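What follows is a short report on a single structure.
Residue numbers (my numbering): 927 to 1217.
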């Protein structure tokens, strides 16, 4: 006996199959934020009620505006993109150890100095491994912004480029897709200095085959564009006023930039899949059965 299955029945079966799909398909995307204090979400106490003084993310999924803003825009709203955001920012850290500024040409080159605790190359392996062991995911991404502290640590742009390229390689070896962000403006460096560093950062991303997100463009090179999105604070060393860390609104716009520039293309909204199936299901009521 031949049985005809209606369009509606087929769609219902598809929804049931989707709803009961394997756990691997329903696991969230796991995102590690990796960088310095601008990754942690540091906001100076001078900013009043918005002050946030954590110096290390330590893998938190609940603290710091880079963590909470990105988590909210991914997991909430109509287009839900299930994701876990783990913050591994480390305040005052650089990409890696600075080379010897005065090498002796008559001596054998010394091995590079060990990376200080917190510097990118010294911790990316352990931090990403910890993220993966703590959070089961369907895919793993790491968003890296590094370089601004290299300015004040005798690390030249070429070394910054090399260090970021090594982070890209290490991230892939851990099973993470690396996404690189350009460094932000800071008022104690000229726009030309920032632009030059970002050329080297872009080169590292290109050489490593990593996607580059222009976070610098969120703020712009002019004080008139970046100061409204940053907090005026006192520099740690000089004590002079400086614009270095984003405000809460600046961090929110950075999270949106990650989404618009790259994450929206990687993480499929689950609500779109279900909504599309439901629309077809409703439409099937209007389809006349074939004779």
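Note that the Cβ used here is the ideal one computed from N, Cα and C, for glycine as well. Just so we're clear, the structure is a prediction, and the values are computed from it rather than from any experiment.
Residues of the same chain with their beta carbon placed closer than 7 Å to that of residue 1002 are lacking, with the five preceding and five following residues left out of the count. Nearest Cα to residue 1173 within the set 1122, 971, 1007: 971. Between the alpha carbons of residue 1132 and residue 1138 lies a distance of about 8 Å.
Remark: C-beta atoms of residue 957 and residue 1009 approach each other more closely than 8 Å. Taking a contact as a CB-CB distance under 8 Å, the pair residue 965 and residue 1022 does not count as one, their CB atoms being some 16 Å apart.
Straight through space, the alpha carbons of residue 1177 and residue 1144 are spaced by roughly 10 Å.
Here residue 1046 is not near residue 1013, since their CB atoms are 8 Å or more apart. DSSP lists 961, 1107 as the beta-bridge partner residues of residue 1071.
In the structure shown, the three-state DSSP call for residue 1008 is coil.
Inter-residue distance for residue 981 and residue 960 is about 13 Å (C-alpha atoms, whole angstroms).
Secondary structure at residue 1013: strand, using DSSP grouped into helix, strand and coil. If you check the CB distance, residue 1181 and residue 1005 do not come in under 8 Å. Straight-line measurement puts the Cα of residue 1072 at about 18 Å from the Cα of residue 1188. Spanning the alpha carbons of residue 1193 and residue 955 requires a straight line of approximately 7 Å. Following the DSSP letters along the chain, one finds residue 1138 inside the beta strand (DSSP E) bounded by residues 1137–1139. Secondary structure of residue 1112 (DSSP, three-state): coil. Beyond the five residues adjoining it in sequence on each side, residue 1120 comes within less than 6 Å, by CB distance, of 1111 in the same chain, given in chain order.
Between residue 1164 and residue 1109, the alpha-carbon positions lie close to 22 Å from each other.
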